[in-house]
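*Asks:* I have a structure I would like to understand better, so I am pasting it below and will then ask my questions one at a time.
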Amino acid sequence: TAGVYELGSVIKAVTFAMALDYGTATLESRYDARFPLVIGSARIHDYHAERRVLTLPEIFKVSSNIGTAKMALEVGTERHQEFLRKVGLFDKLQTELPESARPLLPRRWSKLATATAAFGHGFAVQPLQGVAVVAGLLNGGHLMTPTVLKRSEEEAMAMAQTVIKPSTSDTLRYLFRLNATDGTASKADVIGYRVGGKTGTAEKVVNGRYAKGRNLASFIGAFPMDKPRYAIFVMLDEPKATPETFGFATSGWNAVPTAYKIIERVAP
111 TAGVYELGSV IKAVTFAMAL DYGTATLESR YDARFPLVIG SARIHDYHAE RRVLTLPEIF
171 KVSSNIGTAK MALEVGTERH QEFLRKVGLF DKLQTELPES ARPLLPRRWS KLATATAAFG
231 HGFAVQPLQG VAVVAGLLNG GHLMTPTVLK RSEEEAMAMA QTVIKPSTSD TLRYLFRLNA
291 TDGTASKADV IGYRVGGKTG TAEKVVNGRY AKGRNLASFI GAFPMDKPRY AIFVMLDEPK
351 ATPETFGFAT SGWNAVPTAY KIIERVAP
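So for the sequence shown, the working numbering puts the first residue at 111; every next one is plus one.
Spelled out as structure tokens, the structure:
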């Protein structure tokens, strides 16, 4: 809670929920990811470029920056900010813990800021806040303030704020589960627990600049995905590529298998 971090593609879950809830996208929507997205002098690339037209589930599975940015641009800058405000990402998360950092958002919401914030670039939040928002998107659309004190489900629901339609939450759960069976989070699919999740790999900011090769790798998940009861968040600071990861240092090769081991131990 005391620090904010760029969660990278983990934030794409928020963008997908927004586009689905506003009705600008459906599971049948398709986006052209054949070429980098050019906005002014900036070019947005995909890490693993597919260079083809992608369906919405494919954009989630391969974690396409281009497809996600185009989804946010369809929604529009003002409504994008409105949705982020609705899920609390413009405000400091308040819990019983005194240390609480405010999210770091783009200073100026240009067309480029909308496109890059859609996939978590230039946009930093508390890990606990990221978990709380994603949990609210997956549990039927009920955003709840986390607590370290015991409370009943009735008490929690009485305080909850409805942020998306139940049907949007259903679709998001489908995408999270699909990503664990057939996408970047497949190394978290613990047999018997129907895990779902989203990966994120973000370059760290060092002395005000993005440091190439110095990453924060994140995984956010939940289980069981048909009716989630537990959320899990794993972040690794500057993971290194190893022979076992075939030279990759991205989330799918480190944070995700770490989550697998945690779930395997704690879920029973």
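Where a beta carbon is used, it is the ideal one built from N, C-alpha and C, also for glycine.
Just grab the DSSP bridge partners of Gln271 for me.
*Replies:* Answer by DSSP bridge pairing, in chain order: Leu253.
*Asks:* The alpha helix (DSSP H) that contains Leu222, what's its start and end?
*Replies:* It spans Lys221 to Ala227 - the alpha helix (DSSP H) in which Leu222 sits, taken as one unbroken run.
*Asks:* Sort out for me which residues DSSP pairs Val235 with in a bridge.
*Replies:* Paired residue(s): Tyr115.
*Asks:* How long is the line joining the alpha carbons of Val300 and Lys180, rounded to whole angstroms?
*Replies:* Cα to Cα, the separation comes out at about 33 Å.
*Asks:* Mind checking which residues open and close the alpha helix (DSSP H) that includes Thr278?
*Replies:* Start and end: Pro276 to Asp292.
*Asks:* What three-state label does DSSP hand Val376 in the structure shown?
*Replies:* Correct three-state label for Val376: helix.
*Asks:* On the DSSP letters alone, give me the boundaries of the alpha helix (DSSP H) that Met345 sits inside.
*Replies:* From DSSP, Met345 is part of no alpha helix (DSSP H) but of the beta strand (DSSP E) over Tyr340 to Asp347.
*Asks:* Less than 8 Å separating the beta-carbons of Thr125 and Ala228?
*Replies:* Result yes, Cβ atoms of Thr125 and Ala228 sit closer than 8 Å.
*Asks:* Glu265 by DSSP, collapsed to three states: which one?
*Replies:* Three-state DSSP puts Glu265 in a helix.
*Asks:* How many Å lie between Lys308 and Thr257 at the Cα?
*Replies:* Cα to Cα, the separation comes out at about 23 Å.
*Asks:* Going by C-alpha to C-alpha distance, which of Tyr141, Arg212 and Glu265 sits closest to Gly113?
*Replies:* Answer by Cα proximity: Arg212.
*Asks:* Quick one: using the 10 Å Cβ neighbour count with 16 as the cut-off for buried, is Tyr115 buried or exposed?
*Replies:* Buried, since its Cβ has 16 or more Cβ neighbours within 10 Å.
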